[in-house]
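Residue numbers (our numbering): 8 to 286.
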């Protein structure tokens with residue numbers, strides 16, 4: 008295998024869901040990957056203290072904590088509970104050394120069709136959470152999700168909207184989490200990456216868009232789809248981005264069924280040329 012500089016590379020745990028937290032830490036490190044993007048259910052299963060110790064002993068850094076609690080509740084008490092849950096998640100991120108919590112904020116509430124009201128709910132929740140995020144030293148990582156997720160998973164769908172929100176709330180408490188899967192189609196993608204600049208982009212997600220795509224958990228390994236990832240990496244080099252790259256692969260029909268060690272090995276082969284130092 009070609010030797011690549013993987014110092015900026017992290018595997019997002021959802022890429023290898025068969026592995027528990029300790030298995031993922033050991034599995035990534037054993038193949039030379041120093042970074043991990045943590046998912047909350049693995050963190051909760053293993054425990055924060057055990058995770059912190061294991062990461063420290065393995066010499067790993069954390070790219071992000073995925074994901075926030077949804078804020079798509081119309082009942083005021085339930086919405087308050089969701090906001091408080093996000094504060095606890097920010098505390099967890101601070102404990103494990105994650106620089107951001109990836110904000111996946113919920114689509115339309117069940118039985119509701121008022122998209123404008125949900126987008127206002129998202130804004131109001133972010134406005135409230137921003138000072139708390141700043142106080143614990145963890146940023147709200149605003150991730151625009153592809154519009155096909157608007158109804159059920161997140162009504163924050165355009166990178167332009169995320170940049171606008173960061174303008175409003177400030178770089179001290181918010182940052183951009185950009186994912187090629189969600190943004191590659193957007194005519195504003197390059198422009199908004201340049202607008203964000205290296206100081207605003209917290210972490211950058213790789214995978215690929217398959218044609219045909221069979222369902223919403225059918226992402227491709229880098230190189231298997233239609234996204235021009237080398238070109239996008241060129242944009243990032245051009246603006247001076249020097250942060251982490253994560254492989255985040257939802258793939259219930261393919262990669263999730265494979266041996267996770269094989270997935271990691273192939274991830275290194277495919278992503279290695281795209282995660283090294285700026286050219």
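For every residue, glycine included, the Cβ atom is placed at its ideal position computed from N, Cα and C.
All values derive from a computational prediction rather than experimental measurement.
Item, Value
"Pair within 8 Å by beta-carbon distance, residue 163 and residue 151", "yes"
"Contacts around residue 178, its chain only, beta-carbon distance under 8 Å, and the 5 residues preceding and following it disregarded", "206, 207"
"In chain order, each alpha helix (DSSP H) run of at least 4 residues that lies wholly inside the stretch 70–120", "83–103"
"Pick from 43, 264, 228 that is closest to residue 18, judged by C-alpha positions", "43"
"Uninterrupted alpha helix (DSSP H) stretches inside the stretch 132–183 (no shorter than 4 residues)", "166–176"
"Unbroken beta strand (DSSP E) run spanning residue 46, endpoints", "42–46"
"Proximity to residue 133 [Cα-Cα], best of 186, 270, 147", "147"
"Per-residue DSSP class, three states only, for residue 225", "strand"
"Close beta carbons around residue 250, own chain, < 8 Å, minus the five adjacent residues each side", "15, 205, 208, 209, 210, 211"
"DSSP state of residue 211 mapped onto helix, strand, coil", "strand"
"Coil, strand or helix - residue 62 by DSSP", "helix"
"Reduced DSSP secondary structure (H/G/I, E/B, other) of residue 261", "coil"
"Start-to-end residues for the beta strand (DSSP E) that takes in residue 17", "16–19"
"Strand pairing of residue 252, partner residues [DSSP]", "16, 211"
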